[in-house]
Each structure stands twice: as structure tokens, then as C-alpha cells.
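Below is one structure, written out as C-alpha cells; comments come after it.
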DNA sequence: GTCTATAAATGGATAGAC
DNA sequence: GTCTATCCATTTATAGAC
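Residue numbers (the numbering used here), protein chains in the order written: chain A, 195 to 409; chain B, 195 to 409.
Right under this line is the structure:
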């Protein structure tokens, strides 16, 4: 641990410490939840003392909020990369659906989902941030694509916002809930793709040009 | 697993005590979660001493397990009452969908959902029990109805089990997640019905006789 | 800034009187 | 069976040395 003189300590050393603390917070909070994680265990896991944690964060709740915010930013970033401009619904939607479902069922996403849902009554802002970064980000991506496809005459969607929430529900099915409730369950990529494609089939049967259309 | 009511000093008195303890457990665990609920608070809420709680339950975890089991039985009972034998899909499915969605969004169902999902890694059996009593029970009801409707030639459903999970996802949409993450949200009955009917519209567009059929 | 040591409070669980 | 009083481990958070 190379300690610099007071003036130069700041940037590098401090950000490495906060990164290590946040790494430990991620590991412990996501694995055991907020209530079952102690500051002692966090300090041990991060390899620093409790006092150091309190030097960087205002307390357990603030550290938890910082972690969740960071994870939400990461989630939002992952979702924002997905795009399908110009592709036809028959090829774009199965791919997007598969990507989103695989993300939803990843151990990391399931873990943060569990803790944020559990603590939503106690940390109301965090629940909203998580919804925006996850479900709302997916909706924005999908709805933008649907509107393009409608403009090209490839889909018939009277209410794109509603149709997007329906598509999300169709994709999620009950797989996410099963994985949340039975953590040992780990659907294979093939299985995930099968469900995603089946979801898109139903969606296109309802909103594709050949169908009768819903509502 | 709840303790057996011992032989009998006053069977009524004992069962009243366990009922009061379980009532307190319901109020506290569902409102604040497992970790944030202390045995002291439970005893105060139940109007008994901690020692009395330990006389009836083996500890905090056992009390929590007993409560969740009881709530799951209640949930399963509520779902089992719904039936639609003989009705046409156009009238039966909107009603069933509306009932199920209203149940999913009730404060009670949201609260037990939160705690069970949060503690599923720690209490694996409880997660499975909750899934059976909730989602699986709904699926069983809906799938039974779908098979009847298919037999009557009112629907075309190649894979009823898959179609049922899709219908459930369609009904849930993202409303349940929004309510889980933003506890102050309380959709009106009219709004719930609107979403339920829209979900059924899409389902029937895909699986109704007039549609092209999916997969 | 970082550590060791500790403060102050609360946690789950139990002993013993009645 | 039920209560009061208590044990002991653990909790969050801080004080003070370096």
C-alpha cells in the first residue's frame, strides 16, 4: 500500500478503496440481502477496517444505496447496447427477446432484483431507480423498435406502449419468478431461447400483419 | 412447521395464543421483512412474552416458516375457488384474468411475494411452496380451462402448458413489478380490468379460432 | 486515511418464579 | 403455560493512536 503525501493521496488511492468496498458490498448484499449483511463482514470481505468504510460512506444504508445505484447504471448500460434498427420483426424480436430473457435470468440480475424488491418499502427511491434502469429501459428499447416497424408497415400496433408491456410480460412468462423462488434452477441457453421465440410467436400472431390484430 | 398443540390444558387457549402470535408474525414479517423484524417487536405486537413465542415455535426461522406456510395455504385456497367450466373463452378469460391480476396486485400478495422472494436463497423450500400455491395454482386452473375450451373447439392451442405460462405473463405484464418496486402505487380496479382484458385480447388473437395460431 | 479497540444498543434465546 | 429478568453474541457506529 503506497501511501502518497497528503496532497496526492486523493484520486487513485481513494477510488481504489471505494471500488474495493463496493465490490465487497456487491458480493455480500447480493448474496445475503441487506439485513443479513453486517458491516463487520463487509469490512472483512473488502480487506479494510470498518472505520475506513465509514470514512467513505455515511453508513450501511448509504453504502447499500450507492451499490444499488451503481448496479442500476450497469444494468441500464447493458440494455442500452441492444439495438435492431432496420431489421424485420421476424429476426429482430426473437434476438432481442432472447437477449433480454437471458439477462433477466442471469444470477446477477436475479440477485439485485431480490434485494431491491425486498427493500423497496424501506428505500422507495431505489425501487424506482431499479425499475427505470431495468424494465423501463427494456420497454423504451422495444417500443422504439416497434414504432419503427409500424412505420415501415411491418406490424399493426394500435397502442405501442401497451403492446410493449405485453411483449415484456410474454417474454418473462413465469420463468423469472421460478428462478427467483428456486435459486438452484438454471435454465439452459437453449431453453431460454425456446421460451423467447415462443413469446415472440404469440406477439406476432396478435400484432403481425397477417394476424387479425388485438383490441 | 407449526408446533402441534400439546395434549390439552385448554386447547382453545393455546390455539388462540398461536393464532395471536401468527397474526403478529403476519403483520411484522410482511411489513418489514424477516431481517428487520425482531422477536422483541413480535412479542410486543402479539401481546405475549418472548418466552411464550419460544414455547410454541422453535425459533425465529421456524415461526417465519410457519407463517409463510399458512399464507400459502390461504393463497392456494383463494385461487382454487375460481372456476369457469363451460363458459366461452371470450367471457371466462377476461373474468379469470381480472380476478388473478387483482389478487396479484393486492397489498397482501405483494407483501408475501416480497419476503418470500427475498428469503428464497435462505429458505429454499418456502420458495417452492409459494410458487406452487401461487403461480402454479393459477396455471393449473387456467390450463384446465384451456383444455376444456380446446376440446369444445373454441381455441386452438398446440401446447396448453406453454400457452398457460404465456397467458400468465401477459396478465402480469409489468404491473406487478411496478407495484413491487413502488409500493405507493395502487392501480384502480378499472385499470386492472383494462390490463387484464388487453392481455386476453392478445391471447385470443394468437390462440382463438379466428387467428392464425402461433408456433 | 487507516487501523485497533471500544462504546452503546439490540439481537436471539433461555432460566427460574409462579 | 406464561411471565420477568437476564445471558451472551452481535450489531452499528465512533474515538483515538499512528
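Backbone N, C-alpha and C fix where the C-beta goes; we use that ideal spot for every residue, glycine too.
No experiment lies behind these values; they were computed from the predicted model shown.
Query	Result
Chain A contact residues for residue 239 of chain B, given Cβ-Cβ distances below 8 Å	In chain order: nothing, as chain A lies at least about 17 Å away.
Touching by the beta-carbon criterion (3+ pairs, under 8 Å), the segment 335-343 of chain A and the segment 272-292 of chain A	yes
Best match in B/322, B/363 and B/290 for proximity to residue 443 of chain B [C-alpha to C-alpha]	The shown model of chain B, from 195 to 409, leaves out residue 443 of chain B, and the question about it has no answer.
For residue 299 of chain B, the first and last residue of its enclosing alpha helix (DSSP H)	From DSSP, residue 299 of chain B is part of no alpha helix (DSSP H); its letter is neither H nor E.
CB of residue 381 of chain A within 8 Å of CB of residue 369 of chain A, strictly	yes
Top-ranked residue by Cα proximity to residue 271 of chain A, from A/328, A/261, A/310 and A/221	A/328
Any 3 or more C-beta pairs closer than 8 Å across the segment 318-335 of chain A and the segment 225-245 of chain B	no
Beta-bridge pairing of residue 371 of chain A - partner residues as DSSP gives them	Note: residue 371 of chain A sits in no beta bridge, so no partner.
Extent of the continuous alpha helix (DSSP H) run through residue 385 of chain B	383-401
The alpha helix (DSSP H) enclosing residue 354 of chain B, as first and last residue numbers	354-366
Range covered by the alpha helix (DSSP H) that runs through residue 266 of chain B	254-274
Test: residue 228 of chain B CB closer than 8 Å to a CB of chain A	yes
Closer than 8 Å to chain B by CB, residue 360 of chain A	yes
Test: residue 317 of chain A CB closer than 8 Å to a CB of chain B	no
Cα-Cα separation, residue 229 of chain B to residue 312 of chain B	10 Å
Partners in chain B for residue 367 of chain A, counting only beta-carbon separations shorter than 8 Å	359, 360, 362 and 363
Collapsed DSSP secondary structure at residue 336 of chain B in the structure displayed	helix
Residue 379 of chain B - DSSP class collapsed to helix/strand/coil	coil
Proximal residues of chain A, C-beta to C-beta of residue 324 of chain B below 9 Å	375
Whole-angstrom distance between residue 216 of chain B and residue 203 of chain B, CA atom to CA atom	Any reading at residue 203 of chain B is ruled out, since the residue's pLDDT is 46, under 50, leaving its predicted position unreliable.
Contact set between residue 310 of chain B and chain A, taken where Cβ atoms lie within less than 8 Å	375
Backbone CA spacing between residue 314 of chain A and residue 331 of chain A [nearest angstrom]	19 Å
Closest residue to residue 349 of chain B among B/394, B/261 and B/233 (Cα-Cα distance)	B/394
Proximal residues of chain A, C-beta to C-beta of residue 411 of chain B below 7 Å	Beyond the ends of chain B as shown, which are 195 and 409, falls residue 411 of chain B; an answer cannot be given.
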